[in-house]
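Each residue of the sequence shown is one higher than the last, beginning at 1 in UniProt numbering.
Cβ atoms here follow ideal geometry from the backbone N, Cα and C, with glycine treated the same way.
As the structure is a computational prediction, the values presented were derived from the model and not from experiment.
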Amino acid sequence: MAGSPTIKPFTAEETYRIVHHLQEPAVFLNMTCGWPVLHWTVDHLSGCLGNKHVRFRLGRKKKINVNPTAPLFETHCSFVDATLAQFLSWTQGHSGTHDGPFCDYPSSEYWAYADYKYISQLLEDQPSMFEDVKWSEFGFEGRDGRESTLWIGTEGANTPCHLDSYGCNLVLQVQGRKCWHLFPPEDAAKLYPTRIPYEESSVFSQVNVLQPDLRRFPAFQRARTHSVTLEPGQVLYVPRHWWHYVESVDPVTVSVNSWIELEADDVARVSEAVTKAVVCALKTTPADDNADVWLNPTEDGVSSHNENMQYVNLAVRACAQRLRGHSQSTRDSQAVKRDCSGRVKRCGDCVPFTVPFGPHLIPVYAQQEPKGMNPNDPEVKSIRKCVIRSQLDCAESSEAAQRTDPASAVRIHRGQHECGSALSHCGEEMAEDNEGSGHATITTNDLLDCLVHPDIIMRVTELLLQRHTDQTTAACELEYSPNRKTLPH
């Protein structure tokens, strides 16, 4: 019947429970029908923002005089400030862009990305638009555009592979498509984590996941890849501490996301404060190898050691208070939870919850890749050629796919990678020769990769909390566990 409200596959309460029980990435379908934010195309936003300037990050589509197997971090990108109208003219190749902010960056050679833009700041003079984003329908009452960020990019625009230190992530695709390549927290060692460039709350991978250098990073070929192409109207759930590389595959893309806070974030803040203190202490010390650009452009500046130690102390105190409160509430709740007969309920009495996967909730499966591949095997060489062909085929078909129905089936990538994922665990250059050529000089960055490795920082965090609280190490580990979830009461 015309005008009748659309019935969603899950209620807000059901969706909230699903989100907090999911252990792997999944895509929600038909949950955003009727959300006004789906009208937030670049054309629409251009009219809303008018002459307001937005900062764009630019990168070359094809690297020149740069190691093609190295990730393109933000420290290696260019930046321009432009209106969305200027951005649209540039993407469409209009002649008037030769003297504008994009004049030095031909759209045929560069991609552009307005990433991580806080909607609360971008649309501060139009607060009514915050309500266009309805995360309350996912069970997060009161959450809307104020707690969300906006991402606008062109084909090829990407975010280097990284994990977010805080929360879990809900991502709505509004315009165009994006490819997501995700890796579980247990595979962190295979992704070679680094904190250079430094950005609070982001741990980067040293691996270019689309074109890995398996001579330098041989363990990456054993990493488990979960890949999916996100279509307009679909929402991707990214669990806590899942690594992800994201790339736009259509001429223009728009996404909106929100990071959902978790109890484990209190411990993560201690870890981040410790990391910041160590990185800043070493990288601000004069040294021959400290001339690199190590601070991500997203950071406001370098804090003094006194400031960083204040952050450490504040984070430890806040976390200790939370842990003590959590311990007390656990004891209290255990004393009052009884069934209808008055018997004290135990954990085993709880009804198990099964995530309702089906046509409206699709798990993002792990790729099934051959293990223990011999790089000289003819079959492996054939796989390499297929991966490269799939990249070319996807580039040619991306514009046609723009017309895809928003409610269409999720494009989960299994055996063959879609949209240029390549994710060549076999790599374009297999590790045909792993023999080293002698010992390299250990740099400050090499030392930092060890000192602030997630495993080391986790242990330092546990020791700090153990010394400054009456909680046991086991309690700290429970809070910090990558699979820890804040379950609904």
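Excluding the 5 residues flanking it on each side, residue 12 has same chain C-beta neighbours closer than 7 Å at 136, 137, 138 and 139, in chain order.
For residue 152, the enclosing beta strand (DSSP E) begins and ends at 149-154. Between residue 151 and residue 105, the CB-CB gap reaches or exceeds 9 Å. About 5 Å separates the beta carbons of residue 228 and residue 364, which is inside the 8 Å limit, making them a contact pair. Between residue 270 and residue 72 a beta carbon distance of about 31 Å is seen, past the 8 Å cut, so the two are scored as non-contacting. One alpha carbon belongs to residue 311, the other to residue 273, and they sit about 6 Å apart. Taking a C-beta distance under 9 Å as the contact criterion, residue 94 and residue 183 do not qualify as a contact pair. For residue 172 against residue 257, the beta-carbon gap comes to about 7 Å, under 8 Å, which counts as contact. Just measuring C-alpha positions, the residue of 113, 52 and 102 sitting nearest residue 249 is 113. The beta-bridge partner set that DSSP reports for residue 244 consists of 162 and 182. Relative to the Cα of residue 77, the nearest Cα in the group 64, 279, 86 and 84 belongs to 64. Under the three-state reduction of DSSP output, residue 230 falls in the strand class. Here residue 302 really is in contact with residue 280; their C-beta atoms are around 6 Å apart, less than 8 Å.
In its chain, beyond the 5 residues on either side, 224 and 226 have a beta carbon closer than 6 Å to the beta carbon of residue 366. Secondary structure in the segment 93-144: the beta strand (DSSP E) runs of 3 residues or longer, each lying completely within the stretch, are 110-118 in chain order.
Within its own chain, the residues whose Cβ lies closer than 6 Å to the Cβ of residue 261, once the five positions on either side in sequence are excluded, are 167, listed in chain order. Assigned with DSSP and collapsed to three states, residue 444 falls in helix. Beta-bridge partners of residue 258 (DSSP): 170.
About 34 Å separates the CB atoms of residue 61 and residue 31; that is not less than 8 Å, and the two are not in contact. Residue 185 and residue 454 have their C-alpha atoms some 11 Å from each other.
DSSP links residue 82 through a beta bridge to 54. Contact holds between the segment 157-165 and the segment 230-243, because three or more Cβ pairs, one in each stretch, are under 8 Å apart. The beta-carbon distance between residue 82 and residue 54, rounded to whole angstroms, is 7 Å. This is short enough to meet the 8 Å contact definition. Closest in C-alpha terms to residue 469, from the list 351, 443, 457 and 325, comes 325.
Between the alpha carbons of residue 190 and residue 309 lies a distance of about 31 Å.
Listed in chain order, the non-local C-beta contacts of residue 109 below 7 Å within the same chain comprise 60 and 61, local neighbours out to five positions each way being set aside. In the three-state DSSP reduction, residue 7 falls in the coil class, being neither helix nor strand. In terms of Cβ geometry, residue 198 and residue 296 form a close pair [threshold 9 Å].
In the three-state scheme derived from DSSP, where H, G and I count as helix and E and B as strand, residue 325 is classed as helix. Here residue 66 has no same chain residue with a Cβ atom under 7 Å from its own Cβ, once five neighbours each way along the sequence are excluded. Of 289, 230, 193 and 282, the smallest CA-CA separation from residue 443 is found for 289.
In this structure, residue 27 lies near residue 236, with their beta-carbon atoms less than 9 Å apart. Cβ neighbours of residue 34 within its own chain (closer than 7 Å, five residues either side excluded): 6. In this structure, 125 is the residue among 219, 452 and 125 with its C-alpha nearest to the C-alpha of residue 48.
Shown here, residue 199 sits in a strand according to DSSP, grouped into three states. By the C-beta density criterion, residue 265 is buried, having at least 16 other C-beta atoms within 10 angstroms.
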